[in-house]
Amino acid sequence: MADRLVSQIENIIRKASGIEHGPIVLHEPFFNGNERQYVVDCIDTNWVSTVGKFVNLFEQLLSRVTGVKHSIATVNGTAALHICLILAGVQRDEEVLSQALTFVAAPNAISYCGAIPHFVDVSPVSLGVCPDRLREYLKKIGEAKADGLFNRQTGRRIRALLVMHTFGHPSHLDELKEVCDEFGIALIEDAAEAIGSEYGKRHVGHHGLLSALSFNGNKILTTGGGGAILTNDDQLAERARHLTTTGKVSHQWEYYHDCVAYNYRMPNVNAALGCAQLEQLSEILTKKRLLASRYSREFSKVEDITFFNEMAGVKSNYWLNAIMLKQVSREQRNHLLDALNDDGIMVRPAWNLANTLPMYKNCPSDDLSVSRRIEESLINVPSSPSF
Ligand SMILES: Cc1ncc(COP(=O)(O)O)c(C=O)c1O
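Sequential numbering from 51 applies to the sequence shown in the numbering used here.
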């Protein structure tokens with residue numbers, strides 16, 4: 051049975067990707083525009099570092115694409131998350147709620163602030179934090195005081211919720227914002243995987259006080275390494291720009307820095323790649339959504355598998371397509387991962403849940419049964435825009 055399933059999956063991936071023989075990677079960059087020309091421009095003009103016309107242009111284009119007023123380009127998505135958390139007021143010994151089904155960058159960024167990740171479960175419909183479960187949980191463990199929400203079990207202040215748009219699928223943003231407002235905590239969106247994804251009629255990144263994007267080489271748009279902070283708040287945007295550029299006070303020749311800050315600004319050469327990539331976003335999104343619909347159609351014919359489709363009311367970028375085994379079994383999942391990778395088809399599981407990693411295993415946590423079930427049954431299949 052397992053071997054029949056391996057060949058069924060392999061056939062679907064080969065058919066959907068149009069690659070009949072040889073290896074198929076998980077996700078390749080799509081460089082089909084002005085990338086070379088813009089990068090050569092940086093070299094020819096010597097503007098390769100953290101100042102240059104492409105950084106400003108990249109930020110303008112990002113704001114145009116997302117509709118979020120301010121975009122601040124950073125060296126990577128993790129740095130963007132770090133600054134988002136600082137600007138949301140996260141302080142040492144506070145707690146930040148985060149899904150456990152996430153990339154390690156999220157709990158790491160929380161830890162950089164000296165804060166403690168506090169894990170909550172996800173919705174099986176969005177793969178992001180479940181708003182109903184979150185409300186129930188906060189009613190149980192939260193204590194509202196004059197100076198904020200406190201965890202009555204640990205005595206620590208709960209400052210924020212960091213929600214993620216998993217594999218590009220938008221989370222339940224309206225409902226999560228409602229819960230955050232009800233309990234007086236900040237909402238931050240980890241939109242690292244979600245450039246081009248929409249919630250309702252808007253790009254993701256509007257509900258959060260601040261949001262983070264990533265342009266790592268495996269994302270649907272890449273700058274090599276890179277990220278961005280999005281915010282509609284003028285003052286936060288100014289602070290973000292200042293904190294990511296070593297806290298340097300702008301001056302023609304003086305080097306004066308007014309706070310402990312970070313060297314997190316995206317270099318011009320990376321932004322050059324980013325500008326060329328953003329010019330192709332709508333073409334890439336069309337290709338990604340067509341690939342997802344081919345996968346969805348073919349996997350619907352396989353009895354033992356569910357293809358993960360976007361929920362109603364959103365438009366996903368389908369960064370990484372995901373299938374789930376109907377009968378949850380880690381053994382079967384691992385067998386499929388081994389067999390397909392042995393055949394040259396790069397497939398991967400979701401991340402090991404963050405609460406199981408050695409550095410986060412003692413963090414506070416709600417029941418995570420949905421996250422566990424997803425982790426044990428989910429497989430990401432090759433999703434390059436070039437297919
Ligand atoms: C959900 C999520 N958050 C944060 C990051 C961190 O981004 P970066 O690798 O650019 O630091 C990534 C990916 O890399 C991610 O997938």
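Each residue gets a CB set at the ideal place from its N, CA and C atoms; glycine is no exception.
Distance between residue j and residue i (C-alpha atoms, nearest Å)
{"i": "ARG185", "j": "ASP171", "result": "11 angstroms"}
{"i": "PHE108", "j": "ALA123", "result": "8 angstroms"}
{"i": "THR272", "j": "ILE334", "result": "12 angstroms"}
{"i": "VAL352", "j": "PRO79", "result": "29 angstroms"}
{"i": "ILE208", "j": "ALA389", "result": "44 angstroms"}
{"i": "ASP308", "j": "ALA278", "result": "23 angstroms"}
{"i": "PRO82", "j": "TYR305", "result": "The residue asked about is misnamed: residue 82 is Asn in this sequence, not Pro. Each residue's Cα considered, the two are about 40 angstroms apart."}
{"i": "ARG252", "j": "THR116", "result": "8 angstroms"}
{"i": "THR281", "j": "SER366", "result": "21 angstroms"}
{"i": "TYR368", "j": "MET361", "result": "12 angstroms"}
{"i": "VAL146", "j": "PRO167", "result": "5 angstroms"}
{"i": "ASN201", "j": "ASP417", "result": "16 angstroms"}
{"i": "ALA400", "j": "ASN384", "result": "12 angstroms"}
{"i": "ALA322", "j": "HIS120", "result": "19 angstroms"}
{"i": "ASP392", "j": "GLY275", "result": "29 angstroms"}
{"i": "THR294", "j": "GLY102", "result": "15 angstroms"}
{"i": "ILE93", "j": "LEU328", "result": "20 angstroms"}
{"i": "LEU341", "j": "ILE62", "result": "11 angstroms"}
{"i": "GLN203", "j": "VAL420", "result": "23 angstroms"}
{"i": "GLU70", "j": "SER346", "result": "19 angstroms"}
{"i": "VAL364", "j": "THR336", "result": "15 angstroms"}
{"i": "ALA374", "j": "GLN382", "result": "Inspection of the sequence shows that residue 374 is occupied by Met rather than by Ala. Approximately 11 angstroms, taken between the alpha carbons."}
{"i": "ALA290", "j": "GLY139", "result": "12 angstroms"}
{"i": "VAL118", "j": "GLY258", "result": "11 angstroms"}
{"i": "GLY267", "j": "ARG142", "result": "32 angstroms"}
Whole-angstrom C-beta distance between residue j and residue i, which should lie under 8 angstroms
{"i": "ARG422", "j": "LEU407", "result": "About 14 angstroms separates the two Cβ atoms, so there is no contact after all."}
{"i": "GLY192", "j": "GLN149", "result": "Actually they are not in contact, since the Cβ atoms of GLY192 and GLN149 sit about 17 angstroms apart, beyond 8 angstroms."}
{"i": "ALA372", "j": "ASN430", "result": "5 angstroms"}
{"i": "SER427", "j": "VAL397", "result": "Not confirmed; about 13 angstroms, so no contact."}
{"i": "ALA241", "j": "GLY255", "result": "5 angstroms"}
{"i": "PRO181", "j": "LEU226", "result": "5 angstroms"}
{"i": "GLY297", "j": "ALA287", "result": "The pair is not a contact, with the Cβ atoms about 15 angstroms apart (cut-off 8 angstroms)."}
{"i": "LEU270", "j": "LYS338", "result": "The amino acid occupying residue 270 in the given sequence is Ile; Leu does not appear at that position. About 6 angstroms; that satisfies the 8 angstroms criterion."}
{"i": "CYS316", "j": "VAL90", "result": "Sequence inspection shows Met at residue 316; the Cys mentioned does not correspond to that position. In fact, because the Cβ distance is near 18 angstroms, the residues do not count as touching under 8 angstroms."}
{"i": "VAL75", "j": "PRO432", "result": "6 angstroms"}
C-beta atoms of residue i and residue j nearer than 7 angstroms
{"i": "HIS132", "j": "ALA155", "result": "no"}
{"i": "SER434", "j": "HIS215", "result": "no"}
{"i": "LEU223", "j": "TYR249", "result": "yes"}
{"i": "LEU260", "j": "LEU137", "result": "yes"}
{"i": "PRO157", "j": "TYR410", "result": "yes"}
{"i": "ALA210", "j": "ILE238", "result": "yes"}
{"i": "PHE358", "j": "PHE349", "result": "no"}
{"i": "ASN318", "j": "PHE153", "result": "no"}
{"i": "SER67", "j": "PHE437", "result": "yes"}
{"i": "ALA165", "j": "TYR314", "result": "no"}
{"i": "GLU60", "j": "ILE424", "result": "no"}
{"i": "GLY127", "j": "ALA262", "result": "yes"}
{"i": "CYS325", "j": "TYR88", "result": "yes"}
{"i": "SER264", "j": "HIS219", "result": "no"}
{"i": "SER415", "j": "PHE233", "result": "no"}
{"i": "ASP354", "j": "LEU55", "result": "yes"}
{"i": "CYS163", "j": "LEU199", "result": "no"}
{"i": "GLU144", "j": "ARG206", "result": "yes"}
{"i": "SER221", "j": "VAL213", "result": "yes"}
{"i": "LEU386", "j": "PHE217", "result": "no"}
Give the list of continuous alpha helix (DSSP H) stretches no shorter than 4 residues that lie fully inside the segment 157-223.
Correct list: 181-191.
What ranges does the beta strand (DSSP E) occupy inside the segment 311-369, keeping only unbroken runs of at least 3 residues that lie completely in it?
355-357
Complete runs of the alpha helix (DSSP H) confined to the segment 90-167 [at least 4 residues]:
Entirely contained in the segment 90-167, the alpha helix (DSSP H) runs reaching 4 residues are, in chain order, 103-116, 127-137 and 155-162.
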